Amino acid sequence: MVRFPCCEKMGMKKGPWTPEEDQILISYIQRYGHGNWRALPKQAGLPRCGKSCRLRWINYLRPDIKRGNFTNKEEETIFQLHQVLGNRWSAIAARLPGRTDNEVKNYWHGHLKKKLKQRSTAIEQGFGSTDRQEIKEARILLQHDQFRDRSSSLNLKPLISSQDSPESTCLATIEQPDELALSREQQGAVLEAAGVKLPFSALETLKINGSYNVDANRDFWFKLFMENSNEVHENLGNFG
DNA sequence: AATATGTGCAACCGCTGTCAA
DNA sequence: ATTGACAGCGGTTGCACATAT
């Protein structure tokens, strides 16, 4: 497909926006909206390409943008959504009012990636050296797209998390949005039918509390993801 | 004080998905 | 079914500023 070059080859300006350009863009969008980004700069009299205008508006000039540091709650939301959605920054940002995908992405690369590493190191240090290969494999499995997509579409999120304090426990939780909530019995039934072989104690805990403390059962949880991945793929289809 | 290194973030680039013709 | 235009997305870059040496 033939494409016209976007910016500089057409004589468009690049680089940081000036306050004057910002004002022109804001005034134009407030007055006429932004129906057609490609036509907008010409109509507004801006020496920029439509793409650049769109980015500037969405990431910086939009009136509903929240500025300032991310809260702990927002951080935790990003961690959890990233477990499920991966690098789908726009999808993550959509659940954080006032935050843009660019902001979330930058924050992830600047702060959260480091924190995540610290967390996994902390978790790893809680295991014996013989478990490390299993941990590595389990991580790969947890990141496996097909498994993630399948489980998220069913609203079953394999989520292993820990808090910052070293003495905190790991908790595997089955979560789902309210509108599609499964009862605890249903959650257990889904896991059983999916071929996930929960030990009796875990299943009972799950049915009673909706969550299961894996602190004393780490081996089980990592083996669970290793051994059941194929069966889970096949059997979860029956629920989809 | 000068230089090196790290960090934060705005902006750009190239690709993909969607939709109308 | 195909093509082309466009919007949107995620990865990456580059610059300004802060901090360390």
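Residue numbers for the first sequence follow the UniProt record's numbering, beginning at 1 and rising by one.
Cβ atoms here follow ideal geometry from the backbone N, Cα and C, with glycine treated the same way.
Please read all numbers here as calculations on a predicted model, not as lab measurements.
C-alpha gap between residue i and residue j, whole angstroms
i      : j      : result
Lys42  : Tyr28  : 11 Å
Glu75  : Leu112 : 8 Å
Lys13  : Trp57  : 16 Å
Thr77  : Thr100 : 14 Å
Gly33  : Phe70  : 29 Å
Leu85  : Phe79  : 10 Å
Arg31  : Asn106 : 31 Å
Ile24  : Gly50  : 14 Å
His109 : Thr18  : 27 Å
Ile65  : Lys114 : 25 Å
Arg88  : Ala44  : 32 Å
Opening and closing residue of the alpha helix (DSSP H) in which residue i lies
i     : result
Ala93 : 89 to 94
Ala44 : 40 to 44
Arg54 : 50 to 56
Residue environment, residue i, which counts as buried when at least 16 other CB atoms sit within 10 Å
i      : result
Arg48  : buried
Ala93  : buried
Ser52  : buried
Gly188 : Here the model assigns Gly188 a pLDDT of 42, short of 50, so the residue's position is not dependable and the matter cannot be decided.
Glu20  : exposed
Ile208 : Confidence in Ile208 is poor, its pLDDT being 33 and thus under 50, which makes the residue's placement unreliable; the coordinate value appears in the next sentence. Label assigned to Ile208: exposed.
As assigned by DSSP and simplified to three states, the class of residue i
i      : result
Phe70  : coil
Pro16  : coil
Thr100 : coil
Ile29  : helix
Trp108 : helix
Asn36  : coil
Asp22  : helix
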